[in-house]
């Protein structure tokens, strides 16, 4: 496949930004924008092992440039840099497992807090609890205190290197490809407290049990301690970053729990916190992308409460055509079945893309994207991805 | 009984001193806190 070059990236950046802004606000965009959820796939597509790119930022840089030059996305959910491999390796590994043979990154559903530690979490607060309890359990830190301290210092230095790499990559994407950022960095990927308790502390099994078995007053108190007045920081940040340029969303909120919380549990344990963030987004005329990983169809009535013009939903496992009918207030990010990219012909992929645009993107409130992230080499054939993106860029133009 | 490897009161300042890529105590405190929160939950 021929690599693309990008003339006048400054103008292109402005154009892409405007298209994304109009799409998110529901304001008649010029065309349907295309987003990447390619995650680790570009590394495998370029013929590298995962650990080769994760541990060498020059390789990783080339991999991401190759991805953009071949497939030409308007936006990336992330540039792959969520995998802080060198940082966790400095602490003896942990958090996630990279398997080069299986070409996979996997996360364990592990509980790093026991069911009887809620009083301790409430007493100490999240930072102290993470530091003293979770870090030694989660990472392969030495049992010798002095050595463990040195490992954390080394990990902080690696984090600083990763931050620099992220900045370098973002700058290159803006200046050479005219591609802006998804959102601001880490503090703006906001987690509600139950989404911190699970998976970070109690795991899926643990939290499912605790919602039923732990004294409700104690459980609610723990949620408030974990939340730690987060809304004040959100408000402050919305004010600070209101004039940020070249970002698509002011706030991102990813949830791993909403897929298994029933509507009653969601209403009691999660929605009050999420709604507070959403209200702040609306009050500040900002935008947010909500990513309830897995299923979210059982929570539609909550999303229906949110006003139009501010929110984009990533409906990973849902039928996007059905959701579209029920949530006219939302812009959607996703929709294209990942299965097609890896298993169907070019023409079948193009036909499917046309169907998604006709049925979901007709009003300009769709950021076209694979419905799930691409993680394995076989998740997509490069020629299919190229054909789909080229098609959407031409067919998705509004006259 | 679980062995206590890290102690916030004892080790926090030692770690901050090791952050040689930042200048002020405030910057180091904020960076370390952000790191602990991010790596604790990720």
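Residue numbers (my numbering), protein chains in the order written: chain L, 607 to 1005; chain Z, 4 to 45.
Just so you know, even glycine gets a beta-carbon here, dropped at the ideal spot from N, CA and C.
- Contact note: residue 733 of chain L reaches chain Z through 36, 39, 40, using a C-beta cutoff of 7 Å and chain order.
- Taking 4 residues as the minimum length, the alpha helix (DSSP H) runs contained wholly in the segment 792 to 841 of chain L are 799 to 802, 809 to 819, 822 to 833, in order along the chain.
- Contact check between the segment 726 to 738 of chain L and the segment 982 to 998 of chain L: fewer than three CB pairs, one atom from each, fall below 8 Å, which does not count as touching.
- A buried status is given to residue 776 of chain L, since no fewer than 16 other beta-carbon atoms sit within 10 Å of its beta-carbon.
- Note that the C-beta distance between residue 779 of chain L and residue 676 of chain L is not below 9 Å.
- In the three-state reduction of the DSSP assignment, residue 991 of chain L falls in the helix class.
- The beta-bridge partner set that DSSP reports for residue 682 of chain L consists of L/642.
- Within the segment 631 to 661 of chain L, no residue places its CB atom closer than 9 Å to a CB of chain Z.
- By the rule that beta-carbons nearer than 9 Å mark a contact, residue 828 of chain L does not touch chain Z.
- Ranking L/759, L/1000, L/767 by CA distance to the CA of residue 35 of chain Z puts L/759 first.
- Short of 8 Å from the beta carbon of residue 693 of chain L, and not among the five residues preceding or following it, lie these beta carbons of its own chain, in chain order: 761, 764, 765, 768.
- For residue 842 of chain L, the closest alpha carbon among the candidates L/820, L/856, L/830 is that of L/856.
- In the structure shown, residue 760 of chain L adopts helical secondary structure according to DSSP, grouped into three states.
- Residue pairing from DSSP places residue 710 of chain L in a beta bridge opposite L/705.
- Under the Cβ criterion (8 Å, minimum of three pairs), the segment 956 to 974 of chain L does not count as touching the segment 659 to 668 of chain L.
- Neighbours of residue 740 of chain L across chain Z, judged by C-beta separation under 8 Å: 43.
- Straight across, the Cα-Cα distance linking residue 641 of chain L with residue 712 of chain L is about 23 Å.
- Here DSSP, grouped into helix, strand and coil, assigns residue 751 of chain L to helix.
- Exposure of residue 869 of chain L is indicated by the presence of fewer than 16 other C-beta atoms within 10 angstroms of its C-beta.
- Flagged as an interface residue toward chain L: residue 6 of chain Z, by a C-beta distance shorter than 9 Å.
- Residue pairing of residue 859 of chain L in beta bridges, as defined by DSSP: L/796, L/896.
- In the three-state scheme derived from DSSP, where H, G and I count as helix and E and B as strand, residue 45 of chain Z is classed as coil.
- Within the segment 739 to 760 of chain L, the residues whose Cβ lies closer than 7 Å to some Cβ of chain Z are 740, 741, 742, 747, 749, 751, 754, 755, 758, 759, listed in chain order.
- For residue 8 of chain Z, the three-state secondary structure derived from DSSP is coil.
- Taking the beta carbon of residue 737 of chain L as reference, the chain Z residues within 7 Å of it are 9, 11, 39, listed in sequence order.
- In terms of beta-carbon proximity, residue 26 of chain Z stays away from the interface with chain L, with every pair separated by 9 Å or more.
- In terms of CA proximity to residue 890 of chain L, L/847 leads the group L/847, L/770, L/925.
- In this structure, residue 799 of chain L lies near residue 828 of chain L, with their beta-carbon atoms less than 9 Å apart.
- Excluding sequence positions up to five before and after residue 971 of chain L, its CB lies within less than 6 Å of the CB of 632, 937, all in the same chain and listed in chain order.
- Residue 720 of chain L sits in coil when the DSSP states are folded into three classes, being neither helix nor strand.
- By the rule that beta-carbons nearer than 9 Å mark a contact, residue 864 of chain L does not touch chain Z.
- Secondary-structure assignment with DSSP links residue 918 of chain L through a beta bridge to L/895, L/937.
- Annotation for residue 879 of chain L: 798, 799, 833 place their beta carbon closer than 7 Å to its own, counting only its chain and skipping 5 residues before and after.
- For residue 971 of chain L, no Cβ of chain Z is located within less than 9 Å of the residue's own Cβ.
- Not flagged as an interface residue toward chain Z: residue 714 of chain L, since no C-beta distance is shorter than 9 Å.
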